[in-house]
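259 is the number of the first residue of the sequence shown in the working numbering; add one for each residue after it.
Glycine is no exception: its CB is placed at the ideal position from the N, C-alpha and C atoms.
The block underneath contains the structure these notes are about, expressed in C-alpha cells.
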Amino acid sequence: SVARGEREIAGENVPAHVVVLGLRHQYFSAQGRPARRGNQLELFTNGQDAWGSVHDDILASTESVHMSTWWWESNFELVRPLETHVTSTETERRANTILGTLDQTTATKRILVGQFVSQDGAISWLSADDDIRARGDAPDDGFEFLGQANETRGVFSFQVDPFRFSDRLPFFFDVTGLTFDDETEVESTVPPRTVDLTEWPISIDVPGASYHQKFAIV
Numbered sequence: 259s260v261a262r263g264e265r266e267i268a269g270e271n272v273p274a275h276v277v278v279l280g281l282r283h284q285y286f287s288a289q290g291r292p293a294r295r296g297n298q299l300e301l302f303t304n305g306q307d308a309w310g311s312v313h314d315d316i317l318a319s320t321e322s323v324h325m326s327t328w329w330w331e332s333n334f335e336l337v338r339p340l341e342t343h344v345t346s347t348e349t350e351r352r353a354n355t356i357l358g359t360l361d362q363t364t365a366t367k368r369i370l371v372g373q374f375v376s377q378d379g380a381i382s383w384l385s386a387d388d389d390i391r392a393r394g395d396a397p398d399d400g401f402e403f404l405g406q407a408n409e410t411r412g413v414f415s416f417q418v419d420p421f422r423f424s425d426r427l428p429f430f431f432d433v434t435g436l437t438f439d440d441e442t443e444v445e446s447t448v449p450p451r452t453v454d455l456t457e458w459p460i461s462i463d464v465p466g467a468s469y470h471q472k473f474a475i476v
C-alpha cells in the first residue's frame with residue numbers, strides 16, 4: 259500500500275510518501291484475523307498425544323473450559339496409561355474419561371455439541387448422551403451444555419471475499435492524516451466452489467449439515 263501525507267522533520271511539515279509491504283503467512287489465511295506474536299503452536303500427529311494434552315490442560319484449568327464437537331460420548335477415555343489400563347477398575351477408568359476429567363476441575367465448563375438434521379428434532383439426541391445432558395440440566399454447578407443444529411441446507415456458493423491491504427493497516431499503525439492510493443484487492447488463494455447439500459443418494463433437501471469441528475479452549 260502507498261499513502262501520502264505530511265511528516266514533521268526538523269520542526270517543519272514536509273510532504274511524505276509511506277510504503278507498507280505485507281507478505282502472505284505460510285499457515286494463516288490473509289482473510290482472517292492475523293496471527294499474534296508470542297503464540298506457541300504445537301502440532302500433534304496422533305490422537306494419543308492430542309487428547310492426552312487436553313486431559314492435562316483440563317486438570318490444570320482454574321477459570322474456564324470451553325469445548326465444541328459434533329459427537330459426544332461421556333465415557334470417551336482421554337488417556338489410557340499403558341502400565342495400568344488393562345488392570346484398572348471401572349471407577350479408575352471413569353476418572354480418565356472426558357466427563358470424569360471435567361468433573362475433576364473447579365473451572366466453569368461450557369460444552370457445545372452439534373445436533374443432527376434439526377434443532378431439538380426427532381433424532382437430534384443421537385449426538386450426545388444422557389450424562390452430558392444431565393450436567394446441563396443441573397443448575398448452579400458451573401457446568402453448561404448446549405446442543406445446536408446446523409440448519410444450512412440446499413445449494414450455495416462458497417467464496418472468500420477479497421480485501422484491500424490498506425484496510426488492515428489501521429489495526430496496526432496510526433494512519434491519521436494519510437491518504438492511500440487506489441490499490442488492487444488481495445485475492446484469496448482458496449478457489450471458489452459450489453456446495454450442494456442435496457447431492458446424495460436420496461436427493462432430498464433437508465438441513466443435513468453438521469458441525470464437524472472439535473476444539474477445546476482452556
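query: Quick one: is Glu-443 buried, meaning 16 or more other Cβ sit within 10 Å of its Cβ, or exposed?
result: Within the sequence shown, numbered from 1, the residue matching residue 443 stands at position 185. Within a 10 Å sphere around the beta-carbon of Glu-443 sit fewer than 16 other beta-carbons, which makes this residue exposed.
message: Check whether chain B comes within 8 Å of Phe-421, counting only Cβ atoms and requiring the distance to be less than that.
response: This model lacks chain B altogether, as it is built from one protein chain only.
query: Cβ of Gly-310 within 8 Å of Cβ of Leu-336?
result: Position 52 of the sequence shown, counted from the start, is the residue given in the question as residue 310. Position 78 of the sequence shown, counted from the start, is the residue given in the question as residue 336. Annotated as proximal: Gly-310 and Leu-336, with beta-carbon spacing under 8 Å.
query: Which term fits Gly-372, buried or exposed, when burial requires 16 or more other beta carbons within 10 angstroms of its beta carbon?
result: Residue numbering aside, residue 372 sits at position 114 when the sequence shown is read from its first letter. The residue is buried, with at least 16 neighbouring Cβ atoms inside 10 Å.
- prompt: Mind checking Ser-222: buried by the 16 CB within 10 Å criterion, or exposed?
  reply: With the chain covering 259 to 476 only, the question about residue 222 has no answer from this structure.
field: Simplified DSSP state of Phe-403, which is helix, strand or coil
entry: On the sequence shown, residue 403 is found 145 positions in, with the first residue counted as 1. Phe-403 falls in the strand class under three-state DSSP.
- prompt: Which residue or residues does DSSP assign as beta-bridge partners of Thr-366?
  reply: By one-based count along the sequence shown, residue 366 stands at place 108. In DSSP, Thr-366 forms a bridge with Ser-322.
- prompt: Secondary structure at Glu-348, three-state DSSP: helix, strand or coil?
  reply: As a working mapping, residue 348 is identified with position 90 in the sequence shown. Helix, per DSSP.
field: Cα-Cα separation, Thr-447 to Phe-423
entry: Here residue 447 refers to the residue found at position 189 of the sequence shown. Here residue 423 refers to the residue found at position 165 of the sequence shown. When rounded, the distance between both Cα atoms is 15 Å.
message: Using 8 Å as the cut-off, can you tell me whether the region 354 to 366 makes contact with the region 316 to 329, which would need three or more C-beta pairs spanning the two stretches below that distance?
response: Note that the region 354 to 366 touches the region 316 to 329; at least 3 beta-carbon pairs, one per stretch, sit closer than 8 Å.
message: Quick check on the burial criterion: 16 or more other C-beta atoms within 10 angstroms. Buried or exposed for Gly-305?
response: Working through the sequence shown from its first residue, we reach residue 305 at position 47. By the 10 Å Cβ count, Gly-305 comes out exposed.
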